[in-house]
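For the sequence shown, the positions run 0 to 344 when numbering that gives the first Met the number 0 is used. From the three backbone atoms N, C-alpha and C, an ideal C-beta is built for every residue, glycine too. Just below is one structure, and these are the notes that go with it.
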Amino acid sequence: MWPRLLMAASVAWAGVAATSPAGAAEKPAEKPIVGIVIKTSTNPFFVKMKEGAEAAAARLGMELRSFAGKMDGDTDAQVTAVESLIAAGAKGILITPSDSRAIVPVLEQARAKGILVIALDTPLDPPGAADATFATDNFSAGKLVGEWAAKTLGANAKSAKIALLDLNVNQISVDVARDQGFLQGFGVNVADPAVIGDEKDARIVGHDVTLGNEEGGRRAMENLLQRDPFVSVVYAINEPAAAGAYEALRSIGRDKDVLVVAVDGGCPGVRNVKDGVIAATAMQFPLAMAQMGVEAVLKYATDGTKPKPSDGQDFVNTGVELVTDRPVPGLPSIDTAAALKKCWG
């Protein structure tokens with residue numbers, strides 16, 4: 000649908016150019032501005048998202064303005080970025096919110112100015128604070144790796160000791176969805192699916208936060224191993240955190256007998272699956288996510304049309320696939336050879 004819409008948009012712009020009064024001085028049309036505000040410029044996931052936006056903007060003749068926080072959770076930098084885009088007269092803003100609630104007031108200001116606001120990967124709180132959300136079904140992503148871990152362990156899943164490595168203390172929607180999806184997939188009864196850490200299952204050793212990076216994953220894993228050195232399953236919010244957890248396990252000789260699973264599907268993470276650092280991961284598609292967002296902004300700038308959610312959902316679902324070299328019956332997956340050809344496409 001998008002190529003047809005974009006072709007129509009191109010024709011519409013061409014028609015405007017063709018109706019300029021005869022003899023009028025030729026003046027280059029200003030490119031519509033689209034902004035992308037990511038959480039950080041160090042996390043490979045968001046770097047790939049920025050690349051997707053850059054490629055789409057160049058292809059569509061738009062001006063892209065990019066912003067990033069200094070670290071995950073840097074809401075102040077994101078607020079400043081949105082204010083800058085409002086002042087610049089941007090047609091649309093794509094944002095991966097560091098804090099889904101705290102960013103809402105400034106985004107409401109943008110929407111009041113007629114700017115299309117699209118949340119990428121992480122929904123706002125409330126989700127309706129954005130005009131649209133382009134995202135992975137993060138609950139399904141977590142559920143996939145949870146189901147895989149339970150099927151892989153078989154009868155031993157009933158006596159597993161589970162460590163969960165989450166993002167940060169804010170419990171933003173993507174963090175909660177992946178964590179709770181994993182637990183449900185593994186067979187744990189979650190008390191409140193909107194809250195991390197309130198479950199009563201004795202198999203859970205505990206939760207800790209990682210800030211989504213390798214050092215944070217190592218530190219969180221060390222903390223949970225102090226609580227129980229016999230952890231048998233590790234869920235991580237993303238692959239950098241999972242790699243850090245693996246290093247902590249390796250330092251005590253536990254790297255061969257603990258299942259480590261994650262969500263992301265970046266090329267470095269897929270290589271870690273191939274090398275046995277991570278047992279399975281759920282692949283998402285940030286490059287396509289950002290490209291689709293830029294295309295939606297151009298469509299909106301052309302005729303005012305806003306994107307519609309996928310059937311049966313309240314967001315545009317950009318897909319997820321289970322990646323492992325240890326497939327289990329009844330659960331579709333791709334191996335690392337196939338995943339390396341499409342990682343973060």
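When the beta-carbon positions are compared, T41 and G68 stay at least 7 Å from each other.
Rounded to the nearest whole angstrom, the C-alpha separation of R177 and S250 is 27 Å. For V276, no beta strand (DSSP E) encloses it, and the DSSP letter there is neither H nor E. Around the C-beta of D207, 16 or more other C-beta atoms lie within 10 Å, and the residue is accordingly described as buried. The Cβ atoms of L166 and I236 sit closer than 7 Å to each other.
Rounded to whole angstroms, R58 and V33 show a C-alpha spacing of 13 Å. Per DSSP, the beta-bridge partners of I94 are V36 and A118. In the three-state reduction of the DSSP assignment, S83 falls in the helix class, which pools H, G and I. In this structure, A240 and V276 do not form a Cβ contact; the two beta carbons are roughly 12 Å apart against a cut-off of 8 Å. Buried is the label assigned to K160, since at least 16 other Cβ atoms lie within 10 Å of its Cβ.
Closest in C-alpha terms to L286, from the list E53, Q179 and R270, comes E53. The count of Cβ pairs closer than 8 Å, one atom from the stretch 136-149 and one from the stretch 268-282, reaches three, so the stretches are in contact. For the options P31, E198 and V269, the alpha carbon positioned closest to that of L115 is the one of P31.
The DSSP assignment places 43-59 as complete runs of the alpha helix (DSSP H) inside the stretch 36-61, in order along the chain (cut-off: 4 residues).
In the DSSP assignment, G68 forms a beta bridge with T39. A direct Cα-Cα distance of roughly 37 Å separates T301 from G211. K49 places its beta carbon 7 Å or farther from that of V296. Secondary structure at F133: strand, using DSSP grouped into helix, strand and coil. A contact between stretches requires three or more CB pairs, one per stretch, nearer than 8 Å, and the stretch 101-116 fails this requirement with the stretch 215-232. Here F314 is not near A193, since their CB atoms are 7 Å or more apart. In the same chain as D120, and ignoring 5 residues on each side of it, the C-beta atoms closer than 7 Å to its own belong to T95, A134, T135, V173, P285 and M288, in chain order. For G205, there is no enclosing alpha helix (DSSP H); the enclosing beta strand (DSSP E) has its first and last residue at I203 to V208. When the alpha-carbon of S83 is set against those of L106, G72 and D98, the nearest one is in L106. Counted as a single uninterrupted DSSP element, the alpha helix (DSSP H) harbouring A247 occupies residues E238 to S250. Contact check between the stretch 70-80 and the stretch 145-159: fewer than three CB pairs, one atom from each, fall below 8 Å, which does not count as touching.
Within the model, the alpha-carbon separation for T79 versus V327 is close to 47 Å. According to the DSSP assignment, L106 belongs to the alpha helix (DSSP H) that extends over V103 to A111. Rounded to whole angstroms, the gap between the alpha carbons of R325 and D334 is 8 Å.
Just so you know, the alpha carbons of G252 and A109 end up roughly 52 Å apart. Here E320 carries a strand assignment [DSSP, helix/strand/coil]. Contact annotation, S309 with L321: C-beta distance approximately 19 Å; criterion of less than 8 Å not satisfied. Annotation for L163: the continuous beta strand (DSSP E) segment containing it runs I161 to D165.
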